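Following: one structure in structure tokens, then a few remarks.
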Ligand SMILES: [Zn+2]
Ligand SMILES: [Zn+2]
């Protein structure tokens with residue numbers, strides 16, 4: 004997704020686009036993977052943008068409230084942030100070897116429908132992490148049990 008598209012969407016909702024806000028969106032757009040608050044902050048400092056980590060955190064929360072960014076615990080100690088974009092993605096994360104597999108959003112279509120029908124609950128499944136065991140680790144563990 005282009006930074007300008009996101010900036011325009013937020014402006015059309017009446018939000019004021021400050022320099023740090025614009026830069027944080029740009030950093031997220033340029034990142035090819037997940038970023039922690041610290042990662043985003045480091046990239047801003049590298050570009051001579053003077054903001055503290057608390058501002059970065061608040062801005063990421065604001066982007067999350069505006070459904071532009073997701074915040075997820077993918078088992079790395081710190082939550083990671085990424086742009087939701089047009090097509091959300093999700094992950095399967097192995098608890099044993101930490102291997103991460105990307106999975107597509109259509110997997111969750113049924114779950115969304117069930118939650119709204121059965122519980123009248125509209126879930127926000129924008130970046131979901133499912134923890135478990137990958138195929139390699141499962142067969143390794145099965146071998147150990149023999
Ligand atoms: Zn992801
Ligand atoms: Zn594994």
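In our numbering, the protein residues as written are 4 to 149. Glycine residues also receive a C-beta, built at the ideal position from the N, C-alpha and C atoms. Only a predicted model underlies this, so the values are computations on that prediction, with no experimental measurement involved.
Could you tell me which residues DSSP puts in a beta bridge with residue 105? 94
### Query
Do residue 6 and residue 54 have their CB atoms nearer than 8 angstroms?
no
(Q) Suppose only complete runs of 4+ residues qualify. What are the alpha helix (DSSP H) ranges in the segment 33-71, listed by chain order? (A) 40-49 and 56-68
Do residue 40 and residue 81 have their C-beta atoms closer together than 8 angstroms? yes
- Give me every residue whose Cβ sits closer than 7 angstroms to any heavy atom of ligand 2, in chain order. 97, 99, 100, 102, 136, 137, 139 and 140
Check residue 87 in the structure and name its three-state DSSP category.
-> coil
Same chain, Cβ closer than 8 angstroms to residue 77, neighbours up to 5 away in sequence not counted: 37, 83, 94, 96, 103 and 132
**Request:** Rank 27, 124 and 108 by C-alpha distance to the C-alpha of residue 48 and give the top, closest one.
**Result:** 27
Can you give the beta carbon distance from residue 86 to residue 32, rounded, assuming they're within the 8 angstroms contact cut? 6 angstroms
| task | Hey, could you find the ends of the alpha helix (DSSP H) residue 9 is sitting in? | result | 6-15
**Message:** For residue 148 and residue 121, what's the separation of their Cα atoms in angstroms?
**Reply:** 40 angstroms
According to DSSP, residue 73 sits in a beta bridge with which residue or residues? 85
C-alpha gap between residue 144 and residue 135, whole angstroms: 13 angstroms
Would you say the beta carbon of residue 85 is closer than 7 angstroms to some non-hydrogen atom of ligand 1?
yes
My guess is that residue 89 and residue 4 are in contact by the Cβ rule of under 8 angstroms, so how many angstroms apart are they, rounded? 7 angstroms
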